[in-house]
Amino acid sequence: MREKILVIVCPKLDNAGFYKEKLTEMFKQSKIRSVTLVNMEVPCCFGLYHLIKEALDSSTKNIPLKQKIISIKGNKISP
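Heads up, the sequence shown is in this note's numbering, so the first residue is 118 and it goes up one at a time.
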């Protein structure tokens, strides 16, 4: 993953407000060109999309957000 930054979070088990603040600052202060979210198909993972979307909105930057969904067996089932 050359020239990529990997961030791993769990909105179910961790403090989502903390992550929103950290992500907002990352988006504000860096030259990120796009964000690709990869999450499992389980319901608790879908909260992460909204958390990242809120952080992007709070950063006031126009950064595209893509989502890829993986089944619990590891197969790609993206929309």
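Each residue gets a CB set at the ideal place from its N, CA and C atoms; glycine is no exception.
Residue of the options minimising C-alpha distance to residue i
{"i": "R150", "options": "V126, E120, G164", "result": "E120"}
{"i": "L131", "options": "G164, L173, K185, A172", "result": "Going by the sequence as given, residue 131 is Asp instead of Leu. Answer by Cα proximity: G164."}
{"i": "K183", "options": "T141, L173, N192", "result": "L173"}
{"i": "K193", "options": "L154, E142, M143", "result": "L154"}
{"i": "P160", "options": "K129, I122, I125", "result": "K129"}
{"i": "I122", "options": "A133, P181, V152, N179", "result": "V152"}
{"i": "I125", "options": "P181, C162, K148", "result": "C162"}
Between the CA atoms of residue j and residue i - distance to the nearest angstrom
{"i": "S175", "j": "Q146", "result": "12 Å"}
{"i": "C127", "j": "E158", "result": "13 Å"}
{"i": "K139", "j": "T177", "result": "14 Å"}
{"i": "I187", "j": "N156", "result": "6 Å"}
{"i": "I169", "j": "K137", "result": "7 Å"}
{"i": "K144", "j": "A133", "result": "First, the amino acid is wrong: residue 144 is Phe here, not Lys. Approximately 16 Å, taken between the alpha carbons."}
Residues bridged to residue i [DSSP beta-bridge criterion]
{"i": "T153", "result": "K183"}
{"i": "K193", "result": "I187"}
Cutoff 8 Å: residue i Cβ touching any chain C Cβ
{"i": "V159", "result": "The structure shown contains no chain C, having only a single protein chain."}
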